[in-house]
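S.K.: First to last, the protein sequences are chains A and B.
Take the first sequence: its position 114, counted from the start at 1, is 114 in the UniProt record's numbering, and no numbers get skipped.
Take the second sequence: its position 163, counted from the start at 1, is 163 in the UniProt record's numbering, and no numbers get skipped.
Protein chains: 2
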Amino acid sequence: MRVLVIGANGQIGKLLVDRLQQSGHTPIAMIRSSEQIEQFSTQKIQTVLGDLEQSITQLAAQIVKVQAEAIVFSAGSGGHTGADKTLLIDLDGAIKMIEATERSGVKRFVMVSAIGVHKWHDDEVPQEVKKGSYYSAAKYYADCWLEVSKLDYTILRPGRLTNHTGTGKIQVGRDVSFESIAREDVAEVIVSILDKQNTFGKAFDVINGEQLISEAIHSI
Amino acid sequence: MRVLVIGANGQIGKLLVDRLQQSGHTPIAMIRSSEQIEQFSTQKIQTVLGDLEQSITQLAAQIVKVQAEAIVFSAGSGGHTGADKTLLIDLDGAIKMIEATERSGVKRFVMVSAIGVHKWHDDEVPQEVKKGSYYSAAKYYADCWLEVSKLDYTILRPGRLTNHTGTGKIQVGRDVSFESIAREDVAEVIVSILDKQNTFGKAFDVINGEQLISEAIHSI
Numbered sequence: 001m002r003v004l005v006i007g008a009n010g011q012i013g014k015l016l017v018d019r020l021q022q023s024g025h026t027p028i029a030m031i032r033s034s035e036q037i038e039q040f041s042t043q044k045i046q047t048v049l050g051d052l053e054q055s056i057t058q059l060a061a062q063i064v065k066v067q068a069e070a071i072v073f074s075a076g077s078g079g080h081t082g083a084d085k086t087l088l089i090d091l092d093g094a095i096k097m098i099e100a101t102e103r104s105g106v107k108r109f110v111m112v113s114a115i116g117v118h119k120w121h122d123d124e125v126p127q128e129v130k131k132g133s134y135y136s137a138a139k140y141y142a143d144c145w146l147e148v149s150k151l152d153y154t155i156l157r158p159g160r161l162t163n164h165t166g167t168g169k170i171q172v173g174r175d176v177s178f179e180s181i182a183r184e185d186v187a188e189v190i191v192s193i194l195d196k197q198n199t200f201g202k203a204f205d206v207i208n209g210e211q212l213i214s215e216a217i218h219s220i
Numbered sequence: 001m002r003v004l005v006i007g008a009n010g011q012i013g014k015l016l017v018d019r020l021q022q023s024g025h026t027p028i029a030m031i032r033s034s035e036q037i038e039q040f041s042t043q044k045i046q047t048v049l050g051d052l053e054q055s056i057t058q059l060a061a062q063i064v065k066v067q068a069e070a071i072v073f074s075a076g077s078g079g080h081t082g083a084d085k086t087l088l089i090d091l092d093g094a095i096k097m098i099e100a101t102e103r104s105g106v107k108r109f110v111m112v113s114a115i116g117v118h119k120w121h122d123d124e125v126p127q128e129v130k131k132g133s134y135y136s137a138a139k140y141y142a143d144c145w146l147e148v149s150k151l152d153y154t155i156l157r158p159g160r161l162t163n164h165t166g167t168g169k170i171q172v173g174r175d176v177s178f179e180s181i182a183r184e185d186v187a188e189v190i191v192s193i194l195d196k197q198n199t200f201g202k203a204f205d206v207i208n209g210e211q212l213i214s215e216a217i218h219s220i
């Protein structure tokens with residue numbers, strides 16, 4: 001599949017384009033600055049310049065131009081930039097990409113969200129989610145928007161991200177504990193679910209665990 | 001009507017509870033701190049303690065408790081606080097109140113939004129809206145959420161707010177110029193539309209203009 005990766009220059013994004021390429025997919029890295037082209041082109045990875053402050057029309061045109069067959073949204077501030085960027089990238093940027101994808105005719109959309117944010121409006125919000133406050137809210141609303149879209153979406157809510165070597169083993173669910181997952185495993189999960197129809201229209205937390213990725217994905 | 005005013009201690013909120021009382025309605029001021037009770041009780045205005053960081057369940061319970069028949073949302077940072085508060089109050093707080101209102105069974109909901117924010121995702125975003133960036137986005141999403149709700153909503157998008165004496169004359173529309181309106185006139189417009197069914201399910205900009213408020217409202 002031709003997979004447009006939004007946030008390709010981020011930590012998960014970089015691992016993801018590598019894994020996509022190794023798996024026989026064709027990653028296309030959306031990057032904000034032409035200075036980022038070289039690192040991708042030396043790997044023979046196609047790039048497209050674009051940023052989430054463009055209009056939905058412009059974003060849709062880029063999706064069409066690169067002939068994407070799937071979109072992975074892994075852009076984001078990760079909760080460490082200011083709230084203005086969280087609102088404009090994690091929330092508004094994500095929603096603009098969802099709208100652009102719908103307009104482009106592409107159906108498949110994978111969202112990298114964050115563990116537990118689906119509980120943002122619960123009566124008892126988990127401390128870890130509450131602590132993230134505006135970041136949790138931003139991710140929650142982007143996910144809500146995607147869930148009412150007409151896309152074949154999957155929302156992946158990874159736990160605390162680490163740079164450990166991937167274990168290939170995970171735990172998935174709607175209510176898993178707030179534990180960690182290696183970014184390598186997140187990338188691997190994304191590649192694994194891309195064409196798995198049983199994950200369409202689904203949202204789940206994912207942390208490192210005991211089950212092989214392929215088995216865990218199959219059980220969703 | 002028994003009207004629950006969210007943001008009653010704000011500049012528009014204070015004017016609004018006064019005008020509601022003068023017009024024979026029963027305003028109920030939702031306030032965050034018990035220190036704010038006195039200023040309202042000396043005016044014989046009922047108060048209810050509550051804030052937008054409570055759960056939707058708690059907010060719904062308060063709406064029921066005070067037997068509100070309509071909700072006016074005029075809370076907000078006005079674009080001058082940090083983006084974190086904008087996200088948590090103007091966007092998330094508003095959406096929580098919309099959800100709480102639906103749960104409570106109350107139908108009527110008036111949102112005080114901001115001029116032009118419905119153009120946030122247009123190909124050509126007006127400079128004034130673009131400049132507001134995260135504030136415009138926050139108001140846009142709260143309004144979007146309200147528009148797909150089942151409430152009898154009206155979204156009022158006032159221009160630049162002033163403390164001038166109200167003129168009683170306005171201009172309404174979807175595409176009015178970025179001019180000003182007195183907060184007194186905004187309060188008057190809210191009181192005027194409360195029970196006007198022709199304004200249900202509508203959203204409009206409002207600035208000071210040439211038409212009497214009653215006539216302008218009638219034409220919506």
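Built from N, CA and C at the ideal position, the CB exists for glycine as well.
Just so you know, these numbers come straight off a predicted model, no measurement behind them.
(1) Is it a yes or a no for the stretch 163-175 of chain B touching the stretch 164-174 of chain A, going by three-plus beta-carbon pairs under 8 angstroms?
(2) What runs of the beta strand (DSSP E), each 3 residues or longer, lie entirely inside the stretch 159-206 of chain A?
(3) For chain A, find out if any of its Cβ atoms is closer than 7 angstroms to the Cβ of H25(B); answer yes or no.
(4) Buried or exposed for R160(B), going by 16 or more other Cβ atoms inside 10 Å?
(5) Taking 7 angstroms as the cut-off, decide whether the C-beta atoms of residue 234(B) and Q58(B) are in contact.
(6) Any idea if D123(A) is buried or exposed, counting beta-carbon neighbours within 10 angstroms, 16 or more meaning buried?
(7) Which residues, taken in chain order from the stretch 103-137 of chain A, show a beta carbon closer than 7 angstroms to some beta carbon of chain B?
(8) Going along the stretch 78-94 of chain A in order, which residues come within less than 9 angstroms of chain B, judged by CB to CB distance?
(9) State yes or no: is the beta carbon of S55(A) nearer than 7 angstroms to at least one beta carbon in chain B?
(10) Given a cut-off of 7 angstroms, decide if V48(A) and I28(A) are closer than it, judged by their beta-carbon atoms.
(11) So with CB distances below 7 angstroms, who are the chain B contacts of Y141(A)?
(12) Less than 7 angstroms between the beta carbons of M111(B) and L146(B), yes or no?
(13) For chain D, is any of its Cβ atoms less than 7 angstroms away from the one on H164(A)?
(14) In chain A, which residues lie less than 8 angstroms from K169(B) when you measure between Cβ atoms?
(15) Who are the near neighbours of S23(B) in its chain, counting only those whose CB is closer than 7 angstroms to its CB and skipping five residues on each side?
(16) Can you pull the chain A neighbours of K65(B), defined as C-beta to C-beta under 8 angstroms?
(17) Taking S180(B) and I207(B) to be in contact with their CB atoms under 8 angstroms, please state how far apart those CB atoms are, rounded to whole angstroms.
M.R.: The short version:
(1) Contact between the stretch 163-175 of chain B and the stretch 164-174 of chain A is absent: fewer than three C-beta pairs spanning the two stretches fall below 8 angstroms.
(2) Along the stretch 159-206 of chain A, the beta strand (DSSP E) occurs as fully enclosed runs of 3 or more residues at 160-162, 169-173, 180-182, listed in sequence order.
(3) It does not; no Cβ of chain A falls within 7 angstroms.
(4) By the neighbour-count rule (16 or more Cβ atoms within 10 Å), R160(B) is not buried but exposed.
(5) Nothing can be reported for residue 234(B): it is not among the residues displayed for chain B, which extend from 1 to 220.
(6) With fewer than 16 other Cβ atoms within 10 Å, it is exposed.
(7) For the stretch 103-137 of chain A, the residues whose beta carbon sits under 7 angstroms from a beta carbon of chain B are, in order, H121, D123, S133, Y134, A137.
(8) Per Cβ criterion, the list reads G82, A83, D84, K85, T86, L87, L88, L91, D92.
(9) Taking Cβ atoms only, chain B reaches closer than 7 angstroms to S55(A), which makes this a yes.
(10) Cβ atoms of I28(A) and V48(A): closer than 7 angstroms.
(11) Residues of chain B whose Cβ lies closer than 7 angstroms to the Cβ of Y141(A) are, in chain order, Y141.
(12) Yes, the Cβ-Cβ distance between M111(B) and L146(B) is below 7 angstroms.
(13) The chain labelled as chain D is not found among the protein chains of the depicted structure, namely A and B.
(14) From the beta-carbon of K169(B), no residue of chain A is found nearer than 8 angstroms; the closest lies around 36 angstroms away.
(15) Within the same chain, S23(B) has close Cβ partners V191.
(16) Correct list: empty, because the minimum Cβ distance to chain A is about 17 angstroms.
(17) Confirmed, about 6 angstroms.
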